[in-house]
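In order, the protein sequences belong to chains Z and L. All the letters of the first sequence, read from the start, carry residue numbers 8 to 118 under the numbering used here. All the letters of the second sequence, read from the start, carry residue numbers 25 to 136 under the numbering used here. Ideal Cβ positions, reconstructed from N, Cα and C, are used throughout, including at glycine. Since this is a predicted model, take the numbers as computed values, not measurements.
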Amino acid sequence: QKEVEQDPGPLSVPEGAIVSLNCTYSNSAFQYFMWYRQYSRKGPELLMYTYSSGNKEDGRFTAQVDKSSKYISLFIRDSQPSDSATYLCAMGAQGAQKLVFGQGTRLTINP
Amino acid sequence: ETGVTQTPRHLVMGMTNKKSLKCEQHLGHNAMYWYKQSAKKPLELMFVYNFKEQTENNSVPSRFSPECPNSSHLFLHLHTLQPEDSALYLCASSQGAQETQYFGPGTRLLVL
C-alpha cells in the first residue's frame, strides 16, 4: 500500500463547477498537510497548508483534513479555466525530514 | 531574482556526458532538496540538505552526486546517466526541514 494515494485523473469539469480533489494516507503520524498546484512546465507552488484536523479557507479554495479517516480534500468553488493544472497533495510527520507526495490529479476546467 | 531559480531549464545529454544542475534560493532558507518528477509517478525525494549538511539520501544511484557549498546553493552533478533518468528535476527550499517547501521551475532532462 502506498503511503499516500491520489487519483491521477484526468478530471474535466465545466467552468463554474465545484471541484473536489482528495487524497488518502496510511501513516497516522502525518500532522501537516499541503496542497500544491503545478502548471504545465512549471514547478509546484504551495496553495494551502493545514496543520492537524479541520478546515481552512482561502478565497475560492477550502482544504479539509479528517485525521480519523486519514482523508484530505481540496475544494475549488466557482472554478475557472486558469485553475486547470495538476494538484498534488503532500504531508509530513512531526520531526520528519521530508514530505510525502501524492501522484497528482490533472484537472481541466472547460470554458 | 526571487524565490528559487534553477539552471539550465532544459538539458539533453548523452549517456557518457557529465553535466551539472544548479539551484539557488533567495529566501534565506536553511534546507534544500532535490526531487525527481517522472510522468505518472509521485515526486521522488532524492536528497535533503539542512544547514549545508546532507541529512537524507533516498537510495539514489551514485551517478547522481549532490553538492551544497552553502545554504543558498545546491548542485546536482550527473555522469553516465541512463535513459530512464530522463525526468523533470526539481529543487526546493524551506526554512527548516519540516517547514513548507518552495519549488523552483525545474530542469527538464533528456538522456539519449
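{"query": "Just the chain L side, please: which residues come within less than 8 Å of residue 53 of chain Z by C-beta, in chain order?", "result": "124, 125, 126"}
{"query": "Based on DSSP bridge pairs, tell me the residues matched to residue 96 of chain Z.", "result": "Z:42"}
{"query": "Would the stretch 88-107 of chain L count as touching the stretch 119-130 of chain L if we require 3 or more Cβ pairs under 8 Å?", "result": "no"}
{"query": "Beta carbon of residue 16 of chain Z, beta carbon of residue 113 of chain Z: below 7 Å?", "result": "yes"}
{"query": "Starting from the C-beta of residue 111 of chain Z, find all residues in its chain whose C-beta is less than 6 Å away, skip the five residues before and the five after it, and write them out in chain order.", "result": "93, 95"}
{"query": "Exposed or buried, which one is residue 99 of chain Z when buried takes at least 16 other CB atoms within 10 Å?", "result": "buried"}
{"query": "Could you name the residues that DSSP lists as bridge partners for residue 40 of chain L?", "result": "For residue 40 of chain L, which the question treats as bridged, DSSP gives no partner whatsoever."}
{"query": "For the stretch 41-59 of chain L against the stretch 73-84 of chain L, are there 3 or more C-beta pairs whose distance is under 8 Å?", "result": "yes"}
{"query": "Going by DSSP, name the residue or residues bridged to residue 85 of chain L.", "result": "Its beta-bridge partners do not exist; DSSP assigns none."}
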